[in-house]
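Novice: Can you keep this structure in mind? I'll have questions shortly.
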Amino acid sequence: MAQEWTILNFDVITSIIWTLQNDMEAGVPSPSDHIHSQSFKRFKACRHALFCLALTCKPISDAALRALWHRLDDLRPILTLVAKMKLTRSTKPVVQNWTIEGDLPPPTHCDWDRFHYYAAMVQDIRVLSDYVPGSNKRIHHSVYSRIIDTCCRREDPSSGWVLFPNLLTLDVIMGPAMLLFQTSTRNLRRMRIRNKNQQPHQGAINVDPQASRFIQNMLRESESSTSHLRALALDGVTITPAALLKVFGISSLQTLHLSFTLADLVSQLVRVLEHEQLILPNLNKLSIYCLDNRESPQSLKDPRRRLMLPSLQTLLLQGPLDSIAYMCKAIGSQNLASFTLVSLLHRMDFETSSIYRDICESMNRLSRRFPDAPLLRDVTFNFGRTLSYLEPAGLSSFFPLFSLENLTSLTFHQYAPFTPSDANLEDMGKAWPNLQTLKITSPPQEPIKASLQGVKCLIEHCPGLLHLSLTFDASNATKIPRVALLTSETSKTRSADNHGEFSPLSLRKGCVSARFPSNLCTFDVGVSVAYQDTADAVADFLWWMFPELKSLTYAGQTFSTNSDSTQILIQSVFVLCRCPDNELQVGPTNFSKLCTSNVSVPDMPKGSVLPALTMFLKDFLLRKGPL
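The working numbering applies: residue 488 is where the sequence shown begins, and numbers increase by one.
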């Protein structure tokens, strides 16, 4: 029987190669992955397929080789083209070092031609660990210095220094490996330098002279040589003022991530802004991290000049509040759309409320491209564990935010430094009609001021609200609004024994559901308070007010209304909550036990799980005393 041949279009083959390349790079194992992990197996399978394609005809071989060498997460394969490597024991018993055995070939040897042939294909290098992925082996620092020394002895130094001429992305930890990339940055688009000794953004870190030299050497030729650089991140790495000036001179930057210690914030950033007028015309994302929290600068005067960022849209600042206030004043922009504040511990010899107001006023200034329509849409405050060290502040400190009429998201991670009242919630709704996310968790030691009446006012003014996190006090029955049905058909469902009100239990018997304009899908009620005589009204309010609710969180435990397993969980909790308090203490720490308990639960009607959720809330709130 004659053998049949199938002719594939070359575009189909290259598409297959491109898919294999993406799958291989997506499966690159992290330094902590085991060699038998799924990601490592996926990586090996895709690489093996590309190797097989590389052994075919030249057109397919070239495409497969480019895919294989496009990204390097391990430098050993490229280095073994010119160096014979051997393993030696380290002083640590479980670590082995790759070192060079014997002498390297002379610069004119054909092995170097082969090295440069494959190195020209490399466009992405990501060395995130000293160790070879999936092993306890690492490349000794002497390997890098010996290769650089050999390159310097070439007859034509200009061709020998550029080891990776087409490199576009570089993500590397601080260390000897950076020597290889010193002159390979002419076409670089993205660069990230990480600190290997500290967790990102934590702990005290000194100025790194190696990183400073690398930055200065990279930029020393001319601005035209770095015109392609779009993103630069110094993650846990601090540099000298001279190197910082070089960074601020890269006009093509679109994303910039800087790290400072608090002492360096004064000696570097402040000093640079005092003497230079700096403009980054294309920068749209800026992140500045203060890396330690042991001491704040004693005095921060208002900057004489600003770092002008006319295209800035996203700003993240981490540090003590007074340092963040200074950095806000040191930036000049009018297009800010997203702002994130991460607070560290700070000195307590200043008034916290005035600092909040200064920061909020700076937000207004940074987003006022059009006087009547500020552009800021997303504001996030992250106080972490510092709230116990902060002075209490009233909502009046944040009043400048009320002029941001286009705000769609306001988030206070952990806790907010204020407790909103019903009037505050109504003012928020009127000020931010386009709000989609609002997360305000009051400090646990502060009394709860908001009620369900305030929640109702907020929802009425913000019909597009999707995510809400708010603690309310439902102990007063007079402050729980009675929600009426919105359709004429539902008038038939009135129950005489319910005094004209509507119970979720009647809905479970086949009544028509009313559709309130609210599209809220997630609601975190924190540790909201209710009593026995208000439990029914609270459950009714939640049911009628939020017909689209998909997830409800109470005391840190989340219930999803679109999961069958969650329905069983809610039913189980509904039954277990009937147990006397001396048999089962229901609380946040016991929810994991409830999840795994084998409980005989009554049959529930099919359909939406919200009726079961409402029953659970009622029974849970009916316990004696406040929650």
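Where is the CB? At the ideal position from N, CA and C, for every residue including glycine. Treat the numbers as computed from the prediction; the structure is a model and nothing was measured.
Using C-beta distances below 7 Å, list every residue in its chain close to LYS816, excluding the 5 sequence neighbours before and after it, in chain order.
Specialist: Position 329 of the sequence shown holds residue 816. Only ASP789, PRO790 and SER849 meet the Cβ criterion.
Novice: With a cut-off of 8 Å, do at least 3 Cβ pairs link the region 618 to 637 to the region 670 to 678?
Specialist: Because the criterion of three Cβ pairs below 8 Å is not met, the region 618 to 637 and the region 670 to 678 do not touch.
Novice: For VAL724, I'd like the list of residues in its chain whose CB is within less than 8 Å of its CB, leaving aside the five on either flank, ordered along the chain.
Specialist: Within the sequence shown, numbered from 1, the residue matching residue 724 stands at position 237. Result list for VAL724: MET661, ILE680, ARG681, ASN682, ILE692, ASP695, ALA698 and SER746, in chain order.
Novice: Less than 8 Å between CB atoms is the rule here; does ALA536 satisfy it with respect to chain B?
Specialist: Protein chains in the displayed structure number just one, and chain B is not present.
Novice: Are there 16 or more other CB atoms within 10 angstroms of the CB of ASN771, so buried, or fewer, so exposed?
Specialist: Against the sequence shown, residue 771 aligns to sequence position 284. Classification for ASN771: buried.
Novice: Measuring CA to CA, which of CYS638, MET572 and GLN610 is closest to TRP599?
Specialist: Start at 1 with the first residue of the sequence shown, and residue 599 comes out as number 112. The shortest Cα separation from TRP599 among CYS638, MET572 and GLN610 belongs to CYS638.
Novice: Could you check if GLY941 is buried or exposed, using at least 16 other CB atoms within 10 Å of its CB as the buried criterion?
Specialist: In the sequence shown, the residue the question calls residue 941 occupies position 454. Classification of GLY941: buried, given that the 10 Å Cβ count is 16 or more.
Novice: Would you grab the beta carbon distance between GLN764 and LYS733 for me? Rounded to a whole angstrom, and I think it's under 8 Å.
Specialist: Sequence index remark: in the sequence shown, residue 764 carries index 277 (1-based). Sequence index remark: in the sequence shown, residue 733 carries index 246 (1-based). With 8 Å as the limit, GLN764 and LYS733 do not qualify as a contact, their Cβ atoms being about 16 Å apart.
Novice: Can you find the residues in the same chain that come closer than 6 Å, C-beta to C-beta, to GLN805, ignoring five residues on each side of it along the sequence?
Specialist: Within the sequence shown, numbered from 1, the residue matching residue 805 stands at position 318. TYR776, CYS777 and VAL829, listed in sequence order.
Novice: In chain order, what residues of the same chain lie with their CB nearer than 6 Å to the CB of LEU925, ignoring the 5 residues before and after it?
Specialist: Here residue 925 corresponds to residue number 438 of the sequence shown, with the count starting at 1. So the list reads LEU897 and LEU955, once near-sequence residues are dropped.
Novice: The beta strand (DSSP E) that contains MET678, what's its start and end?
Specialist: Taking the first residue of the sequence shown as 1, we reach residue 678 at position 191. Segment 677 to 681, the beta strand (DSSP E) holding MET678.
Novice: Residue ranges of each beta strand (DSSP E) run of no fewer than 3 residues wholly in the region 717 to 775, ordered along the chain?
Specialist: With a minimum length of 3 residues, the continuous beta strand (DSSP E) runs that stay inside the region 717 to 775 are 718 to 722 and 742 to 747.
Novice: From the DSSP output, read off the bridge partner residues of TYR1041.
Specialist: Looking up residue 1041 in the sequence shown gives position 554. BP columns for TYR1041 point to GLN1044.
Novice: Are the region 854 to 863 and the region 900 to 920 touching, with three or more C-beta to C-beta distances below 8 Å?
Specialist: The region 854 to 863 is not in contact with the region 900 to 920.
Novice: Expressed to the nearest angstrom, what Euclidean distance is found between the alpha-carbon atoms of ARG852 and LEU787?
Specialist: What you label residue 852 is simply residue 365 of the sequence shown in a count that begins at 1. What you label residue 787 is simply residue 300 of the sequence shown in a count that begins at 1. So the two alpha carbons sit approximately 20 Å from each other.
Novice: In its own chain, which residues sit with a C-beta less than 7 Å from the C-beta of LYS936, not counting the 5 before and 5 after it?
Specialist: Start at 1 with the first residue of the sequence shown, and residue 936 comes out as number 449. Excluding residues within five positions, the ones whose Cβ falls inside 7 Å are THR906, PRO907 and SER908.
Novice: I need the straight-line Cα distance from LEU882 to ILE846, nearest angstrom please.
Specialist: Along the sequence shown, read from residue 1 onward, the residue named residue 882 stands at position 395. Along the sequence shown, read from residue 1 onward, the residue named residue 846 stands at position 359. In a straight line, the C-alpha of LEU882 is about 14 Å away from that of ILE846.
Novice: Between ALA961 and ALA1017, is the Cβ-Cβ spacing less than 8 Å?
Specialist: What you label residue 961 is simply residue 474 of the sequence shown in a count that begins at 1. What you label residue 1017 is simply residue 530 of the sequence shown in a count that begins at 1. Against a cut-off of 8 Å, the Cβ pair of ALA1017 and ALA961 comes out as a contact.
Novice: Whole-angstrom Cβ separation of HIS744 and LEU716, contact assumed at under 8 Å?
Specialist: Residue mapping note: residue 744 aligns to position 257 of the sequence shown, counting from 1. Residue mapping note: residue 716 aligns to position 229 of the sequence shown, counting from 1. Not confirmed; about 13 Å, so no contact.
Novice: Which one or two residues does DSSP pair with VAL614 in a beta bridge?
Specialist: Numbered from 1 along the sequence shown, position 127 holds the residue referred to as residue 614. Paired residues: VAL659.
Novice: Ignore the nearest five residues each way along the sequence and tell me which others in LEU537's own chain have a CB closer than 6 Å to its CB.
Specialist: Here residue 537 corresponds to residue number 50 of the sequence shown, with the count starting at 1. Excluding positions up to five away in sequence, the list reads LEU507, ALA551, ALA554 and LEU555.
Novice: Among ILE635, GLU588, ASP865 and LEU749, which one has its Cα closest to the Cα of ALA664?
Specialist: Position 177 of the sequence shown holds residue 664. Taking only the C-alpha atoms, the option nearest ALA664 is ILE635.
Novice: Taking the DSSP output, what are the residues bridged to PHE1010?
Specialist: Along the sequence shown, one-based indexing puts residue 1010 at 523. Paired residues: LEU955 and LEU1039.
Novice: How far does the beta strand (DSSP E) with TRP919 in it extend, from its first residue to its last?
Specialist: Here residue 919 refers to the residue found at position 432 of the sequence shown. From DSSP, TRP919 is part of no beta strand (DSSP E); its letter is neither H nor E.
Novice: LEU540: buried (16+ other C-beta within 10 angstroms of its C-beta) or exposed?
Specialist: Position 53 of the sequence shown, counted from the start, is the residue given in the question as residue 540. Classification of LEU540: buried, given that the 10 Å Cβ count is 16 or more.
Novice: CA-CA distance, ALA730 and LEU752?
Specialist: Here residue 730 is taken as the residue at index 243 of the sequence shown, counted from 1. Here residue 752 is taken as the residue at index 265 of the sequence shown, counted from 1. Spanning the two alpha carbons is a distance of roughly 14 Å.
Novice: At the level of alpha carbons, what is the spacing between ALA880 and ARG844?
Specialist: Taking the sequence shown and counting its residues from 1, one reaches residue 880 at position 393. Taking the sequence shown and counting its residues from 1, one reaches residue 844 at position 357. For ALA880 and ARG844, the distance between alpha carbons rounds to 10 Å.
Novice: DSSP three-state call for CYS815: helix, strand or coil?
Specialist: By 1-based counting over the sequence shown, the position of residue 815 is 328. Three-state DSSP puts CYS815 in a helix.
Novice: What are the start and end residues of each continuous beta strand (DSSP E) run of 3 or more residues lying completely inside the region 527 to 586, in chain order?
Specialist: Those beta strand (DSSP E) runs which fall completely within the region 527 to 586 and span 3+ residues are 572 to 576.
Novice: Measuring CA to CA, which of CYS1008, ALA1042 and TYR1041 is closest to GLU1035?
Specialist: For the purposes of this step, residue 1035 is identified with residue 548 of the sequence shown, where counting begins at 1. Minimum Cα distance to GLU1035 is reached at CYS1008.
Novice: Nearest to PRO968 by alpha carbon, out of GLN932, ALA1024, LEU802 and ASP1011?
Specialist: As a first step, residue 968 must be located in the sequence shown, where it is residue number 481. Selected option, being the one with the closest Cα: ALA1024.
Novice: Tell me which same chain residues have a C-beta within less than 7 Å of the C-beta of THR501, skipping the five on either side of it?
Specialist: Taking the first residue of the sequence shown as position 1, residue 501 is located at position 14. ALA550, listed in sequence order.
Novice: Is PRO807 buried or exposed, if buried means 16 or more other CB atoms sit within 10 Å of its CB?
Specialist: Here residue 807 refers to the residue found at position 320 when the sequence shown is read from its first residue. That one is buried.
Novice: Roughly how many angstroms lie between the CA atoms of PHE701 and ARG601, to the nearest whole one?
Specialist: For this step, residue 701 is matched to residue 214 along the sequence shown. For this step, residue 601 is matched to residue 114 along the sequence shown. When rounded, the distance between both Cα atoms is 27 Å.
Novice: Once DSSP output is grouped into helix, strand and coil, what is the label at ILE927?
Specialist: The residue you call residue 927 lines up with position 440 of the sequence shown. ILE927: strand per DSSP, three-state reduction.
Novice: I think GLY819 touches ARG793, with their Cβ atoms under 8 Å apart; what is that distance to the nearest whole Å?
Specialist: Walking along the sequence shown from the start, residue 819 turns up at place 332. Walking along the sequence shown from the start, residue 793 turns up at place 306. Contact flag correct, Cβ pair sits at about 4 Å.
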